[in-house]
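> Provided herewith is a single structure, encoded as structure tokens, for subsequent inquiry.
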Amino acid sequence: MNTNLLFDFTVDKAAKTIYITREFAADHSLVWDAFTKPELLDQWTAPAPFIAKTKYMNFEVGGKRFYAMVSPDGQERWALQTYKSITPKTHFKMFNVFADKDENPELYGSDWDYNFSEQNGVTTVSITIFNESFERMESLLEGFRLGFTATLQNLENLLTTFSNKG
């Protein structure tokens, strides 16, 4: 693992916004695929001991991903993501909201804005998350910080596995 890679997690509570920047020593296309293909997303987007399970995903503007984080005892926590804009290999935006198993969304969600760039073999992913509700953000923040940090480590491990195969 390259310990010199950037990882920044900043919260602007007044703006109801979280800023995450993470570098990966991996090919830009592979990192993009890891964020946009369900078979790869399911391998890293749940912090252990949970697993991610995508029911369906259509990565196109107006398309959706409906997935669950599944606990070891089988409890499912569903989320619905709607893709709002996509610029292949460099940028996409989506709206994310928790939902029930029948796709009925909860009251508040968040807008996610992803940017991808590569320089000298290092791919940088910058994510801005705007929360509709301060109270929702505040109640989820610490668990989200821990969980998202763990999932990004899962992604680094997955990317290292792919790099070692090449």
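My numbering puts the first residue of the sequence shown at 402, with every later residue one more than the last.
C-beta atoms are modelled at their ideal positions from N, C-alpha and C, and glycine is treated no differently.
Being a predicted model, the structure only gives us computed values, none of them experimental.
When the Cα of Trp433 is compared with those of Thr422, Gly475, Arg546, Thr524, which residue comes out closest?
To locate residue 433, count along the sequence shown from 1; it is residue 32. The shortest C-alpha separation from Trp433 is found at Thr524.
> Under the DSSP definition of a beta bridge, which residues are partnered with Ala491?
To locate residue 491, count along the sequence shown from 1; it is residue 90. Per the sequence shown, residue 491 should be read as Thr rather than Ala. By DSSP's assignment, Thr491 forms no beta bridge with any residue.
> Just the C-alpha distance for Lys454 and Leu508, rounded to the nearest angstrom, thanks.
Position 53 of the sequence shown, counted from the first residue, corresponds to residue 454. Position 107 of the sequence shown, counted from the first residue, corresponds to residue 508. The straight-line gap from Cα to Cα measures roughly 23 Å.
> Who are the near neighbours of Leu541 in its chain, counting only those whose CB is closer than 7 Å to its CB and skipping five residues on each side?
On the sequence shown, position 140 is the one that residue 541 refers to. Cβ within range, chain order: n/a, list empty.
> Measuring alpha carbon to alpha carbon, tell me which of Gln554, Ser527, Ala415, Lys566 ends up nearest Ser534.
Start at 1 with the first residue of the sequence shown, and residue 534 comes out as number 133. Nearest in C-alpha terms to Ser534, of all of Gln554, Ser527, Ala415, Lys566, is Ala415.
> Let me know if Thr570 comes out buried or exposed under the rule of 16 or more other beta-carbons within 10 Å of its beta-carbon.
The chain is shown only over 402 to 567; residue 570 falls outside these bounds and no answer can be derived.
> Three-state secondary structure (DSSP) at Glu461?
The count along the sequence shown starts at 1 and reaches residue 461 at position 60. If DSSP states are grouped into helix, strand and coil, Glu461 belongs with coil.
> Could you tell me if Ser511 is buried or exposed, where buried requires 16 or more neighbouring beta carbons within 10 angstroms of its beta carbon?
Working through the sequence shown from its first residue, we reach residue 511 at position 110. The residue in question, Ser511, is buried, as its Cβ has 16 or more Cβ neighbours within 10 Å.
> Skipping 5 residues on each side, what residues in its chain have a beta carbon closer than 7 Å to that of Gln444?
Taking the sequence shown and counting its residues from 1, one reaches residue 444 at position 43. Cβ within range, chain order: Leu559.
> Of the residues Phe549, Phe531, Ser518, Thr562, which one's Cα is nearest the Cα of His429?
Numbered from 1 along the sequence shown, position 28 holds the residue referred to as residue 429. Out of Phe549, Phe531, Ser518, Thr562, Ser518 has the C-alpha closest to the C-alpha of His429.
> Let me know the beta strand (DSSP E) ranges lying completely inside the segment 483 to 561, each 3 residues or longer, listed in chain order.
492 to 500, 511 to 520, 523 to 532
> Count the other C-beta atoms from every protein chain shown that fall within 10 angstroms of the C-beta of Val526, then say buried if there are 16 or more, exposed otherwise.
As a first step, residue 526 is located in the sequence shown; it is residue number 125 there, counting from the start. It is buried - the Cβ of Val526 has at least 16 other Cβ atoms within 10 Å.
> What is the DSSP secondary structure of Thr418, counted as helix, strand or coil?
Working through the sequence shown from its first residue, we reach residue 418 at position 17. It is a strand residue.
> Quick check on DSSP: helix, strand or coil for Asp409?
Counted from its first residue, the sequence shown places residue 409 at position 8. Three-state result, Asp409: strand.
> Can you pull the DSSP bridge partners for Thr455?
Locating residue 455 in the sequence shown gives position 54, counting from the first residue. Paired residues: Tyr468.
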